[in-house]
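Sequential numbering of the sequence shown, starting at 247, is according to our numbering.
Even for Gly, the Cβ is constructed at its ideal location relative to N, Cα and C.
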Amino acid sequence: MHHVQQLINGQFVDSDTSEWIDITDPATQEVIAKVPQTTDDEINQAVIAAQTAFQTWRKTPITTRARIFLKYQALIREHMDELAEILTAEQGKTIADARGDVFRGLEVVEHAAGIANLQIGDFVENVASGVDTYSIWQPLGVCAGITPFNFPAMIPLWMFPMAIATGNTFILKPSEQDPMVTMRLVELAIEAGVPEGVLNVVHGGKATVDAICDHPDIKAVSFVGSTAVGKHVYERASQSGKRAQCMMGAKNHGVILPDANKEQTLNQLAGAAFGAAGQRCMALSVVVLVGTAGEWIDDIKAKAEKLVVSAGKHDKDLGPLISPAAKARVEHLIGAGVEEGASLILDGRGITVEGFEKGNFVGPTIFDNVTTDMQIYQQEIFGPVLCVMRAADLDEAIEILNANPHGNGTAIFTQSGAAAHKFQQDVQVGQVGINLPIPVPLPMFSFSGSRASKLGDLGPYGKQAVQFYTQTKTVTARWFDDEASRGVNTTISI
Ligand code: NAD
């Protein structure tokens, strides 16, 4: 049995723990590896290694740091097939989607390779006669990242490349449900030249997360995961004086106007609602059909019925959910939807996939006539379940969206520029797609979920990540000839 290792001070090491967590193939329940609950002592060793490495890494030329990421992006490309295969085996998503998971992370690595263009401070000459002021963006020290199961390649790559490129050292805590592709990416980072102690990996669940939040020598924590845990991390990390950013749960609405390109819209909706078995924080899990678009309900169902559920490695449309517990939760919520009076027009419960009878499969599921008081509307289902609602006009649709506490993503489908512009302006959601269902920004921007989907002002990757992982130091300098230095000035002016 493969035992996942930790990375401490440049060495891949076994844990001394007695507590191991099974990693299972979600299509078969086969235990494919075990991951340790890292001990407190090992977490301390990782932080000491990161703190020691910071002393030299922060002074390493920015171009040297950047070049590591040039090499790293090439290595990730070279190992794309292998990474996707590892990811699918432990996470369950299709191979094509696993490649997308790696690719969206790779884009951040490419961006990190341009760090010298991003970490540029400001300079004002002659703020007073012969006095210049400049600000420099310095790294914080040891930073940490805690990641979820649903994007085990992309989300770790949102974090450590930008943190390290800006001169910090890093402690990564991958999801204990699928840490193997993350570890392979970490091995490639070491191969690319990340020096010892600059990147460290510890494992486990709540105990490790709490130890990271409490550790006095960790300066900042990046978290991506569920809302309940994100709130806990934000509060606990803030209490111990850390900078924290937490990207959390969602309930993303698509709005379809009757003038939308029907075929394209329905295809995009089906992909965004059911792709990755609905386990994306940007999945469209609610659709608001406006006016006569309400008549498209049968067409939506027809699209969903055509999707093929199978083991991820067969590369069909949807793979299994991550765990039996996730499947039980999704099925329970579908049951609650029926009890609360929503119309279940497509039921994905109870499906079996030949050859994978033990897999955590749920097929595409659609509820019509969903109302805002139902559990299926109020909770993030995180499964292939689409809730359909109706609105008389765009104003009513926007009202529904803005009354929902979440603000991760949304999309409008229309041919009307005026309607799209109104939507973009009035909707209180951080990431808006126009005829584009999953508007996750590329790294020249930042991930910008809002309201209940986010705690902390600054998002991951892009310019905001450079700000998050650095602190501004402002220097005011006067250089003078000796004879110019005359007299004592007791006023506040320069
Ligand atoms: P999760 O909150 O269960 O786990 C996230 C991390 O927190 C993991 O590393 C886990 O080990 C740790 N953790 C779990 N329980 C904990 C506890 N009680 N105390 C401390 N730490 C704990 O999330 P998940 O199920 O892995 O991921 C799915 C969730 O992540 C969904 O809610 C999804 O919307 C969200 N997500 C959000 C974004 C975003 O950018 N907003 C992106 C991806 C996923």
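If contacts are defined as beta-carbon pairs under 8 Å, then residue i and residue j qualify, I think. What distance do you get, rounded to the angstrom?
| i | j | result |
| --- | --- | --- |
| residue 630 | residue 594 | 6 Å |
| residue 424 | residue 337 | 5 Å |
| residue 716 | residue 503 | Their Cβ separation, rounded to whole angstroms, is 43 Å, which puts residue 716 and residue 503 out of contact at 8 Å. |
| residue 383 | residue 718 | 6 Å |
| residue 437 | residue 321 | 6 Å |
| residue 512 | residue 549 | 5 Å |
| residue 352 | residue 430 | So it is not a contact: roughly 13 Å between Cβ atoms. |
| residue 260 | residue 249 | 6 Å |
| residue 458 | residue 390 | 5 Å |
| residue 571 | residue 684 | Contact flag wrong, Cβ pair sits at about 26 Å. |
| residue 399 | residue 348 | 4 Å |
| residue 530 | residue 657 | 6 Å |
Please state whether the Cβ-Cβ distance between residue i and residue j is less than 8 Å.
| i | j | result |
| --- | --- | --- |
| residue 686 | residue 677 | yes |
| residue 395 | residue 568 | yes |
| residue 420 | residue 449 | yes |
| residue 528 | residue 700 | no |
| residue 345 | residue 326 | yes |
| residue 412 | residue 485 | no |
| residue 341 | residue 427 | no |
| residue 669 | residue 640 | yes |
| residue 410 | residue 440 | yes |
| residue 273 | residue 602 | yes |
| residue 555 | residue 628 | no |
| residue 648 | residue 497 | no |
| residue 724 | residue 367 | no |
| residue 417 | residue 361 | no |
| residue 515 | residue 533 | yes |
| residue 467 | residue 490 | yes |
| residue 613 | residue 599 | no |
| residue 334 | residue 558 | yes |
| residue 697 | residue 733 | no |
| residue 266 | residue 415 | no |
| residue 564 | residue 506 | no |
| residue 644 | residue 374 | no |
| residue 408 | residue 483 | no |
Does any heavy atom of ligand 1 sit closer than 7 Å to the C-beta of residue i?
| i | result |
| --- | --- |
| residue 502 | no |
| residue 527 | yes |
| residue 465 | no |
| residue 428 | no |
| residue 263 | no |
| residue 455 | yes |
| residue 475 | yes |
| residue 494 | yes |
| residue 470 | yes |
| residue 285 | no |
| residue 565 | no |
| residue 498 | no |
| residue 478 | yes |
| residue 270 | no |
| residue 656 | no |
| residue 353 | no |
| residue 569 | no |
| residue 416 | no |
Let me check one thing: in DSSP terms, what residues is residue i bridge-paired to?
| i | result |
| --- | --- |
| residue 252 | 259 |
| residue 697 | 652 |
| residue 678 | 656 |
| residue 384 | 717 |
| residue 489 | 466 |
| residue 266 | 282 |
| residue 614 | 589 |
| residue 636 | 535 |
| residue 368 | 381 |
| residue 418 | 391 and 447 |
| residue 473 | Note: residue 473 sits in no beta bridge, so no partner. |
| residue 511 | DSSP lists no partner for residue 511. |
| residue 500 | 533 and 657 |
| residue 722 | 379 |
| residue 374 | 377 |
| residue 673 | For residue 673, which the question treats as bridged, DSSP gives no partner whatsoever. |
| residue 555 | 564 |
Do we get a CB-CB distance below 8 Å when we pair residue i with the residues of chain B?
| i | result |
| --- | --- |
| residue 389 | Although the question refers to chain B, the structure presented lacks it and comprises just one protein chain. |
Contact between the stretch 466-476 and the stretch 435-449 is defined here as three or more beta-carbon pairs at a separation below 8 Å; is this criterion met?
Judged by Cβ distances under 8 Å, the stretch 466-476 makes no contact with the stretch 435-449, as fewer than three pairs qualify.
Meets three-Cβ-pair contact criterion under 8 Å: the stretch 304-324 and the stretch 283-292
No, the stretch 304-324 does not touch the stretch 283-292.
Check whether the stretch 530-542 touches the stretch 579-598, taking contact to mean three or more Cβ pairs, one atom from each stretch, closer than 8 Å.
These segments do not touch.
Does the structure place the stretch 280-287 close enough to the stretch 611-626 that three or more beta carbon pairs sit under 8 Å?
Output reads no: the stretch 280-287 does not touch the stretch 611-626.
Three or more C-beta pairs under 8 Å: does that hold for the stretch 697-714 against the stretch 392-410?
Touching, per the Cβ criterion.
With a threshold of 8 Å, are at least 3 pairs of Cβ atoms found where one atom belongs to the stretch 610-618 and the other to the stretch 655-664?
As far as the Cβ criterion goes, the stretch 610-618 does not touch the stretch 655-664, which means the pair count is below three.
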